[in-house]
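What follows is a set of notes on a single structure, which appears directly below.
Chains as they are written, first to last, in my numbering: chain A, -1 to 571; chain B, 26 to 125.
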């Protein structure tokens, strides 16, 4: 007989479960299971009243195990762990069974079988609850310092914001000076301030802070430790500088798409990419002149290198998002320099989202003309007698073929992820399909990565303009500071453990770990594997790799899983 | 193949009367036209905006068909002065084609 005293609660979910699963039948089926002291049904297990009832049961019946058969753990695992905690029960003695997604919603057409499946699942949950152990969260004291990798506008702004919050900051910039792309820019949208001025102001402010140290010619070459307490190595010129930081903010920015030779005439004099055109505008004081010749008309071709339109082997399939706005703004700036300029914008779709619609409006009111081409029939650019002859079928003129003569062709090119992946070898951050750094969730956890304590911001994560980059840099700052100001972090204890008796350090497990959490240590007279429990996510990849069966994951032990399988398969007729 | 004519474009831009840049091609004007002129005005204005002078001159008879009743103008969602634009084009054609 099990000495455990387990409480089991079957939730109706207000009909979501009970409309298909006969909850009373489930309750009756499991009430006599070994160790079950309390077996109840409830309309909403998550309601305040039900939570209170569970707490009272735990205290009065001296329960040491708890099962709630309700919805997905994603929704309410933490709710019921909280209930256990408030009742004085270790939260890891709680087991959740998912009847809603796995029984009632999945089998709406066969209620009897849904009920039968529910009984099996609850029995498995009880079997696991009999073998649960009390676990404590892993506590790590944090170091009140942060490392910002990349000194562009996002990195600099993040450094300042962290400094404001009393956190010491190291900024590692790879090139010879900070400022990145923005430092090179003139008039920018939407604020019409000069990029070089913005950076100069940030640099001045940073210079006045004692708790910010900027390294140029610096690269991150090694990282060890875990959230709150990383040891990193910077290679600065010929020196190696070791640093101890609590968090790392990655703001390494973007690369610009370079068209293939011949792509819309690229490589011919007078065919410019968007950044090249922007530079021409920034250098011009009066009417536009290119290589000594006055510019009277410009053709812009949109979506070059974006949305699958590239002559390169692996075209970028995403919309680079910032380029429509940037091209509209450049068009307005060009008009201001040369009011008699004729400007033709050849687009696939215009995405001047949000208030940037005003840039579109402004460019249009300044006389820019917009022509829409089909992606299957892109415009053709050829150079004839020193001019460009651009031909396209304009969908807005009812498919008429139109020929435009122009002095310049501007290819509206998008942003790309940085080609240099050496930082990634050090940080092991996951990349998205588009090769930019990938966040955990684009809306709910937009600056966090799967590596705790490493945050991403700015255009290293996705194509963004400077304002959006700064906003995300500040979000990463807030997340960093929240972690560091508390002084410690608590991590889930559901991590891998090594049986040092069985382990023989064959190192089979090392390459299975996506988080580099397994290291070699000497225990007594032999070498064995050790899990850095702050890095381990409890994914379990290493467990089946061990030929000695020396690895396990807390909360999901082999014994527990076997017991669950046995309970699920057992016949109770 | 219609050619963009920069000098025509220049003239259109210099004029204070012609204001069709706001046209978004919705087609209300064509729908309400009592003469059921298919070309006028949204397609025509597109030709003007792009500087396709040949296309405009080709359509001279249609431009003179217009009654200037302003049904289109009253219904225009983008506040384009359609009738005034037609008069601008007639004046242009008069100068260009008939040397008036």
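Quick reminder that beta carbons are idealized off the backbone N, C-alpha and C, glycines included.
All of these numbers come straight from a predicted model, not from anything done at the bench.
Handout entry: Chain-ordered chain B contacts of residue 106(A) [CB-CB under 7 Å]
Key = Those within 7 Å of residue 106(A) in chain B number zero; the least Cβ separation is about 46 Å.
Practice task
Counting only the same chain and skipping the five closest in sequence on each side, list residues whose C-beta sits under 6 Å from that of residue 2(B).
Solution key: Here chain B has residues from 26 to 125 only, and residue 2(B) is not among them.
Problem - Proximal residues, the region 356 to 378 of chain A versus chain B, C-beta separation under 8 Å - result: 362, 363, 365, 367 and 369
Handout entry: Three-way DSSP call (helix, strand, coil) for residue 189(A) in this model
Key = coil
Handout entry: Which of helix, strand or coil DSSP assigns to residue 219(A)
Key = strand
Problem - residue 312(A), DSSP secondary structure in three states - result: coil
Exercise for the section: Answer with yes or no whether the minimum CB distance from residue 66(B) to chain A is below 8 Å. Expected result: no
Handout entry: residue 529(A) burial status per 10 Å Cβ neighbour count (16 or more: buried)
Key = buried
Practice task
Please classify residue 233(A): does DSSP put it in a helix, a strand, or coil?
Solution key: strand
Exercise for the section: From the DSSP output, in three-state form, read off residue 544(A) for me. Expected result: coil
Problem - Under the three-state DSSP convention, the category residue 398(A) falls into - result: strand
Practice task
For residue 238(A), name the three-state secondary structure that DSSP assigns.
Solution key: strand
Handout entry: Segment contact flag, the region 248 to 262 of chain A with the region 200 to 215 of chain A, C-beta cutoff 8 Å, min 3 pairs
Key = no
Practice task
Tell whether a beta-carbon distance below 8 Å holds between residue 138(A) and residue 70(A).
Solution key: no
Practice task
Output yes if chain A places a C-beta closer than 8 Å to the C-beta of residue 125(B); else output no.
Solution key: no
Handout entry: Cβ of residue 27(B) within 8 Å of any chain E Cβ
Key = Chain labels in this structure do not include chain E; the protein chains are A and B.
Practice task
Mind listing, in chain order, the continuous alpha helix (DSSP H) runs of no fewer than 4 residues lying wholly within the region 57 to 116 of chain A?
Solution key: 71 to 84
Problem - Stretch-stretch touch, CB-based, cutoff 8 Å, three pairs: the region 358 to 376 of chain A with the region 328 to 339 of chain A - result: yes
Exercise for the section: Can you give me the Cβ contacts of residue 93(A) inside the same chain, cut-off strictly under 6 Å, excluding the 5 residues immediately before and after it? Expected result: 65, 123, 126 and 127
Practice task
Evaluate residue 599(A) with the Cβ neighbour count: other Cβ atoms within 10 Å of its Cβ, from every protein chain shown; 16 or more gives buried, anything less gives exposed.
Solution key: It is not possible to answer for residue 599(A), since the shown part of chain A is limited to -1 through 571.
Practice task
Go through the region 396 to 445 of chain A residue by residue and report every complete run of the beta strand (DSSP E) that reaches 3 residues or more, in order.
Solution key: 398 to 404, 406 to 411 and 413 to 415
Practice task
Run the CB neighbour count on residue 40(B), radius 10 Å, all protein chains shown included, and call it buried at 16 or more, exposed below.
Solution key: exposed
Exercise for the section: Check whether the Cβ atoms of residue 219(A) and residue 231(A) lie closer than 8 Å to each other. Expected result: yes
Handout entry: Identity of the residues DSSP links to residue 344(A) by a beta bridge
Key = 299(A) and 369(A)
Practice task
Grab the span of the alpha helix (DSSP H) containing residue 137(A) for me, first residue to last.
Solution key: Here residue 137(A) belongs to no alpha helix (DSSP H); instead the beta strand (DSSP E) covers 136 to 139.
Problem - Buried or exposed by the 16-neighbour rule on C-beta atoms within 10 Å, applied to residue 161(A) - result: buried
Exercise for the section: Scan the region 32 to 66 of chain B for residues whose Cβ lies nearer than 8 Å to a Cβ of chain A and list them as they occur along the chain. Expected result: 34, 35, 38, 46, 47 and 50
Practice task
For residue 400(A), return the contacting residues in chain B, with the cut-off set at a CB-CB distance below 9 Å.
Solution key: 26, 27, 28, 29, 75 and 77
Problem - Backbone secondary structure at residue 210(A) - three-state DSSP - result: strand
Practice task
Please determine, among 259(A), 391(A) and 431(A), the residue with the shortest C-alpha to C-alpha distance to residue 399(A).
Solution key: 391(A)
Problem - DSSP-derived helix/strand/coil call for residue 46(B) - result: helix
Problem - For residue 510(A), the residue or residues it bridges with in DSSP - result: Residue 510(A) pairs with nothing; no bridge assigned.
Exercise for the section: Compare the C-beta of residue 395(A) against all C-beta atoms of chain B and say whether one is closer than 8 Å. Expected result: yes
Exercise for the section: May I ask which residues mark the beginning and end of the alpha helix (DSSP H) holding residue 89(B)? Expected result: 85 to 90
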